[in-house]
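The structure appears below as C-alpha cells.
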Amino acid sequence: GPPPPGRRGGGGLLVALLGGGLVLVLILVAAVVLVMRNGDDEGGGGGGDVRLTVGKIAGGAEARPLADGSLVMARPGVTAPVVDIYEDFACPPCGGFDSKHDPMLKQIAVAGDAKVVFHPMLIFGEATQPAHDNSLRAAAALRCVGDGAHWLSYQDALYAHQPASETSTGYTTDELLRYAEPLGLTGDDFTSCVEDQSFAGSVKTVSQGYVSSGIQGTPSVRVNGRTLDSSDIQTSSALRRAIEAAS
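Quick note on numbering: the sequence shown equals residues 50 to 296 in the working numbering.
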C-alpha cells in the first residue's frame, strides 16, 4: 500500500541512523524489570536505573512499560489483535492522530478487545531542527517514567503541549519537568534522568530498529504486523473497523 502518513523528515532519519554508522547498544534487562541508564549514552550522564512497574488503569486493564521504551496497554490475558502505534512527539500529524484516536484505543484496550502497544520514536534527522531535538528530549524524558499509568498520563501531557510546528522550539528540559509535576514525578532520580537525557542514545537505537523494520513515517499503525493504509486511520471508526477485521 502507500507509505504511511505523517512527517518523514526528508529521509533524514535514514541517513542519520543507517548511513551515520550509529553503533549504540541497548541492553534489555527484562528479568529484573530494570532499565539501566548508560552513563556513556549520547547526551547522557550519570548512572542509576528506572524501575518498570505495571500500572493499573480503568476496568482492570494494565499499562506495562517495556525496556525498549514502548508500552503495552491491555487487559491481562489479551494477546490479540495487536495494534502497534509508532509515534513521534514532535510530529504534528501524530498530535492529530492522538486527539482523534487515543480515546478509542484506550476504550478497546480496557474492554479487552485489543492489545495496544505505543512505540515512541525519533523520525526526524539531525538536520531537521528544532524538530529533531524537540522529539529526542521528549522521548528520552518519557523513558524516565517507570510506572505504566504515569507513562500514559505523561504521554498525554506531551501531546497537550506539543510544539506548534516542526519549526517551533519546545519540550525544553524545564518544560518537560514542569509537565511531570502534576503526576508527582518530582524526585531527584527522575529530574536527573530528564536533565541528562539519559536515554537519548537508546531512543536513537530503538528508532533505528523501527526504521529497519519498515517504518518510514509517523504516525504509523500496524495491526497484527500489517501496516495500515492511510485510509484506515482517517477516522476513529475506520481504525476501529480495521482492528475488528483482524480479530
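A virtual CB, placed ideally from N, CA and C, is assigned to each residue, including glycine.
Quick one: Cα of residue i to Cα of residue j, how far?
| i | j | result |
| --- | --- | --- |
| Asp133 | Asp223 | 30 Å |
| Pro114 | Leu288 | 24 Å |
| Leu226 | Val260 | 29 Å |
| Asn87 | Leu277 | Because Asn87 carries a pLDDT of 42, less than 50, the predicted location of this residue cannot be relied on, and the following value inherits that uncertainty. Roughly 35 Å between the two C-alpha positions. |
| Asp281 | Arg275 | 12 Å |
| Gly195 | Val99 | 6 Å |
| Ser262 | Val255 | 11 Å |
| Gly144 | Lys155 | 16 Å |
| Thr284 | Val166 | 19 Å |
| Thr267 | Pro125 | 28 Å |
| Phe173 | Lys253 | 10 Å |
| Val127 | Ile157 | 11 Å |
| Glu230 | His168 | 23 Å |
| Ala249 | Asp237 | 18 Å |
| Lys105 | Gly233 | 16 Å |
| Ala187 | Pro142 | 16 Å |
| Pro152 | His199 | 17 Å |
| Arg271 | His181 | 24 Å |
Leaving aside the five residues before and after residue i along the sequence, list all residues of the same chain whose C-beta is less than 6 Å from its C-beta, in chain order.
| i | result |
| --- | --- |
| Leu201 | Ala112 |
| Ala107 | Val159 |
| Tyr208 | Gly144, Asp147 |
By Cβ distance below 7 Å, which residues in the same chain neighbour residue i in space, the five residues on each side in sequence not counted?
| i | result |
| --- | --- |
| Ser286 | none |
Please check the pair residue i and residue j, which I expect to be a contact at CB under 8 Å, by giving their CB distance rounded to whole angstroms.
| i | j | result |
| --- | --- | --- |
| Asn183 | Tyr220 | 5 Å |
| Thr177 | Glu215 | 7 Å |
| Ala129 | Asn273 | 7 Å |
| Gly118 | Ser251 | 7 Å |
| Ala163 | Ile292 | 6 Å |
| Ala189 | Gln257 | Actually they do not touch by this definition, with Cβ atoms about 15 Å apart. |
Give a yes or no on whether the C-beta atoms belonging to residue i and residue j are separated by under 9 Å.
| i | j | result |
| --- | --- | --- |
| Phe138 | Leu191 | yes |
| Ser148 | Pro179 | no |
| Gln204 | Leu120 | yes |
| Val103 | Gly161 | no |
| Cys193 | Val243 | yes |
If you reduce the DSSP assignment to three classes, tell me which class residue i lands in.
| i | result |
| --- | --- |
| Arg186 | helix |
| His168 | strand |
| Asp278 | coil |
| Val272 | strand |
Going by beta carbon distance, what residues of the same chain come within less than 8 Å of residue i, once the five residues before and after it are set aside?
| i | result |
| --- | --- |
| His210 | Gly219, Tyr220, Glu224, Tyr228 |
| Thr240 | Leu226 |
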